[in-house]
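Enquirer:
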Amino acid sequence: MRAYRYYLAMLDIRFIKENLDAVRQNIRDRYMNADADLVVSLYDRRNGTLRELEDARRRRNENAQAMKSPMAAEDRARRIEEGKRLKETIARLESELQEIEASFAAEMAKIPNMAHPAAPRGKEDKDNLEVKRVGAPTRFSFTPKDHVELGQSLDIIDFDTATKVSGTKFYYLKNEGVILELALVRYALDVLAKHGFTLMTTPDVAKTEILEGIGFNPRGAESNVYTLEGEGSCLIGTAEITLGGYYSGAVLEKDQLPIRFAGLSHCFRREAGAAGQFSKGLYRVHQFTKVEMFVYCLPEDSERIHEELRSIEEEIFSSLDIPFRVVDTCTGDLGAPAYRKWDLEAWMPGRNNGEWGEITSTSNCTDYQARRLNVRYRDAEGKNRFVHMLNGTAIACSRAIIAILENFQQADGSVRIPKALVPYCGFEAIGPRRKG
RNA sequence: GGAGAGAUGACCGAGCGGUCGAAGGUGCGCGAUUGGAAGUCGCGUGUACCCGUAAGGGUACCGAGGGUUCAAAUCCCUCUCUCUCCGCCA
């Protein structure tokens, strides 16, 4: 119960004022660049100016009100003079307030969500805490290939032509590769439909304000987002954006919640500066296909539903017989919106001679996104409150394909299809193929 | 893309520059009437922020943003969205 009250108020300026030490500590824990003290002082300045402004407006209204009744010409003239003076005062205070509010909003936007008290404290992904393993790293009686080699030899992925046509970090899927991707998508959608999710395909484009509400930064050289020139919109990096934007500005009825969406979309990421061994092949690409889970729920349900999302991810990858582990993401690696985040990391035999690689991620963002997108629900007393919003990957096709190709490769160079996917693929294996 | 029409509270729908936070209706809530229900009658019914322990007070909001004015739902400009017609198109 304590925890619930704690994050209910999170990111509320009044919460920040009242829990300044905790907010400062949280910013340090997350290695974020934000200044809680500056936010508070800007807020106080804002309120002071607002009070002056409202007082001036009150006097203007009284003055105008007084002029409705007949009066002597010289009294009227005096009133008009008074009105003109007030008009100037109001204009000055308005522009002052606007300036203060702009800096306040900018500083406020930098304040990250609070982290779950149990989330491991740490700076980077090395500090994430492994909490569970399912399956063991695959052993081979031969020297395994990586998915780039397999994709080429089986003629199911073509990186070189994509580089010529579209640039680096793009790819064509070919032949069984195409069917495999579609099978993964359909499989994930079937699992989610069974769990009561509403299936959707979403736009691959969203407005900048929605991206910012979800917690993405569309601007700047280090941004991971492709913006569309002169449109005020961007290519989405994940369907989390379009699914979370779906109810922006809405007041939901309590009994509608939880709302579970499964969204299929393309995902576009600039990945500026990301290169090298670890982003080889399909691991870090500019475009991929993903089925995303998204939930709107009551604050008191979000921790339970976060567990649900994680267990659905585990269900999908267990049923595909892909070895994976679950990590509890450390504070420094959470990103600003997440209160808590679980990653599933699949065993990738071709990655640096065998390594865990992130394959899904599920975050409880509590009311962080809801505040920014203004998504509320009417509670039992009829008060409007912010919902909690959560997201999780069901299948990110490119990375799932890495895990399948590398774990299911056979000595003859072929790749077996996981049993659960065979009905969706219509074949049991890809290859082997003779060179030529 | 071109032409026209429109955008007001939960919904429908009035609105002359000041008497409009906004008529009227519907819905909803409470109460009365009734053996009970329908009906009828009465009262109430937006959001956000600021000040205040509270009671309460103030400010803003009539698609969005600017402008004119002492005063804007009402006048002017820009934009967005919706509808109708035309064009184009998988």
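In terms of the numbering used here, the first sequence opens at residue 186 and continues consecutively. A virtual CB, placed ideally from N, CA and C, is assigned to each residue, including glycine.
Identify which residue in Q595, P388 and E540 has its Cα closest to the Cα of A321.
Expert: Its Cα nearest to that of A321, the residue E540 stands out among Q595, P388 and E540.
Enquirer: For the candidate residues R454, E273 and D310, whose alpha-carbon lies nearest to that of C419?
Expert: R454
Enquirer: Among the candidates A521, M574, I544 and E361, whose CA atom is the shortest distance from the CA of Y431?
Expert: M574
Enquirer: When you compare only the Cα positions, how much space is there between H491 and R525?
Expert: 9 Å
Enquirer: Please name the residue, chosen from Y216, M533, S433 and D389, that lies closest to R561 on a Cα-to-Cα basis.
Expert: S433
Enquirer: Going by DSSP, what residue range makes up the beta strand (DSSP E) through T545?
Expert: E540 to N549
Enquirer: Counting beta carbon pairs with one atom in the region 564-580 and one in the region 496-508, are three or more of them shorter than 8 Å?
Expert: yes
Enquirer: Compute the beta-carbon to beta-carbon distance between D389 and S351, rounded to the nearest angstrom, for a pair I have assumed lies under 8 Å.
Expert: Contact flag wrong, Cβ pair sits at about 15 Å.
Enquirer: By Cβ distance below 6 Å, which residues in the same chain neighbour F327 in space, the five residues on each side in sequence not counted?
Expert: A596
Enquirer: Determine the direct distance from the alpha carbon of P403 to that of A531, and round the result to whole angstroms.
Expert: 29 Å
Enquirer: For my contact list, V333 and T474 are in at a C-beta cut-off of 8 Å; report their separation, rounded to the angstrom.
Expert: With a Cβ gap of about 19 Å, V333 and T474 do not count as contacting.
Enquirer: Is it the case that the Cβ atoms of K317 and V511 are separated by a distance below 9 Å?
Expert: yes
Enquirer: Do you know offhand how far V480's Cα is from W527's?
Expert: 15 Å
Enquirer: Assuming R556 and V436 make a contact with CB atoms under 8 Å, what is their CB distance in whole Å?
Expert: R556 to V436, Cβ: 14 Å. No contact.
Enquirer: Can you list, in chain order, the residues of its chain with a C-beta nearer than 8 Å to that of E292? Leave out the 5 residues immediately preceding and following it.
Expert: Excluding positions up to five away in sequence, the list reads A219, D220, L223, V224 and L227.
Enquirer: Judging by CA-CA distance, which residue of E286, E493, T423 and A391 is the nearest neighbour of F382?
Expert: E493
Enquirer: In terms of residue numbering, what span does the beta strand (DSSP E) encompassing M299 cover?
Expert: First-last for M299: undefined, no H or E at that position.
Enquirer: Roughly how many angstroms lie between the CA atoms of F263 and A249, to the nearest whole one?
Expert: Here residue 263 is Arg; the residue named in the question, Phe, does not match the sequence. Looking at the two C-alpha atoms, the distance is approximately 12 Å.
Enquirer: To the nearest angstrom, how far is the alpha carbon of G622 from that of I426?
Expert: In the structure as shown, the chain starts at 186 and stops at 621, and residue 622 therefore has no counterpart that could be examined.
Enquirer: Considering only residues of the same chain and omitting the five flanking positions on each side of R209, which have a CB-CB separation below 8 Å?
Expert: Beyond the five residues adjoining it in sequence on each side, R209 comes within less than 8 Å, by CB distance, of A221 and D222 in the same chain, given in chain order.
Enquirer: DSSP beta-bridge partners for L384?
Expert: A447
Enquirer: Below 9 Å between beta carbons: does that hold for L428 and G400?
Expert: no
Enquirer: Pick helix, strand or coil for A188, following the three-state DSSP scheme.
Expert: For A188, the predicted structure reports a pLDDT of 25, less than 50, and the residue's modelled location is therefore unreliable. The matter cannot be settled from this model.
Enquirer: To which residues does DSSP link F509 through a beta bridge?
Expert: V319 and A531
Enquirer: What did DSSP end up calling G577 once you bin it into helix, strand or coil?
Expert: strand
Enquirer: When we look at the beta-carbon of P329 and count the other beta-carbons within 10 Å, is it buried (16 or more) or exposed?
Expert: buried
Enquirer: I need the straight-line Cα distance from I341 to P617, nearest angstrom please.
Expert: C-alpha separation (whole angstroms): 12 Å.
Enquirer: Looking only at C-alpha atoms, which of E407, L384 and I586 sits nearest to G535?
Expert: Restricting attention to E407, L384 and I586, the CA atom closest to the CA of G535 is found in I586.
Enquirer: Kindly indicate which three-state DSSP category F200 falls into: helix, strand or coil?
Expert: Residue state, collapsed to three classes: helix.
Enquirer: Return the CA-CA distance between K392 and H471, expressed in angstroms with no decimal places.
Expert: K392 and H471 have their C-alpha atoms spaced approximately 19 Å apart.
Enquirer: In whole angstroms, give me the CA-to-CA distance for L193 and N298.
Expert: Caution is warranted here: a pLDDT of 31 is assigned to L193, below 50, making its placement in the model unreliable, and the coordinate value is therefore given only provisionally. Roughly 11 Å separates the two Cα atoms.
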